[in-house]
Amino acid sequence: MGRQKVYLDKLSRFFQIRNLLLRQALAECLGTLILVMFGCGAVAQLVLSGGSHGMFLTVNFAFGFAAMLGILVCGQISGGHLNPAVTFAMCLLGRERWRKFPMYFLFQTIGAYFGAAIIFGMYYDALWDIPGSFNVTGPRATAGIFATYPGKHLTLVNGFFDQIIGTAALIVCILQLWIHTTTPSPRGWRPSLWDLWFCHWIVHGL
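The sequence shown runs 166 to 371 under the numbering used here.
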């Protein structure tokens, strides 16, 4: 047992990443991967089962808890942003350094793609089994598992303001809970407080 511990300690020191920014960016990558993997997994289960294994409410809960888990995993290292818009807001307000933004943005994007790729691999056979798969529209379209797409009725202006207002509302609530949390809490847990509030929002369809 003693030899095993010594060996594991040596292995840990050998693979340790000493660059703090890189460690934080990799943590964001892992956290975003968890968010996308669990969230898109819930959507895949709903879509590919034709609605027999889930509903809209379960997808909301899944994304809420996935975000909370992602924040708890990487929060103590990177702050648990999981979203370039959050990182941008933190840099804009001087709560994070601007040099973090490109790295966070890149690794958050990589993590999202990895999370989606995992779900694509897990449900690969089911995706091919559905006629009309890999389409954006249609009764059995599956593109919505991995991303959101505008409806045919939505204009460019309406879609633009939808994203601006939705993102702004999210950032305001995050900042409010981040900055004005009245009860002391560890850094890894504190970001998850706003996620619980956001989970409440999406569950109620806002």
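Glycine is no exception: its CB is placed at the ideal position from the N, C-alpha and C atoms.
Item: Environment of Gly-206 [buried if 16+ CB atoms lie within 10 Å]; Value: buried
Item: Cβ contact check for the stretch 299–319 and the stretch 271–291: 3 or more pairs under 8 Å; Value: yes
Item: Lys-373 in three-state terms, based on DSSP; Value: Within the shown structure, residues of the chain are numbered from 166 to 371, placing residue 373 beyond reach of any answer.
Item: Of the listed residues Tyr-278, Met-233, Arg-183 and Asn-300, nearest to Leu-198 (C-alpha basis); Value: Tyr-278
Item: Inter-stretch contact (C-beta, 8 Å, three-pair minimum) for the stretch 183–203 and the stretch 234–251; Value: yes
Item: Touch test, the stretch 255–268 against the stretch 220–228, Cβ-Cβ under 8 Å, three pairs minimum; Value: no
Item: heavy atom of the ligand FAD below 8 Å from Lys-175 C-beta; Value: The ligand FAD is not among the ligands present in this structure, which contains no ligands whatsoever.
Item: Inter-residue Cα distance where the pair is Leu-234 and Ser-217; Value: 26 Å
Item: Nearest-angstrom beta carbon gap, Leu-173 and Ala-254 [assumed within contact, 8 Å]; Value: Actually they do not touch by this definition, with Cβ atoms about 39 Å apart.
Item: Short Cβ contact (9 Å threshold) for Ile-242 with Gln-189; Value: yes
Item: For Gly-259 and Met-213, the rounded distance between their alpha carbons; Value: In the sequence as displayed, the identity of residue 213 is Leu instead of Met. Whole-angstrom Cα-Cα distance: 44 Å.
Item: Continuous alpha helix (DSSP H) assignments of at least 4 residues falling wholly in the stretch 227–259; Value: 249–257
Item: Extent of the continuous alpha helix (DSSP H) to which Val-212 belongs; Value: 185–213
Item: Which of helix, strand or coil DSSP assigns to Leu-319; Value: coil
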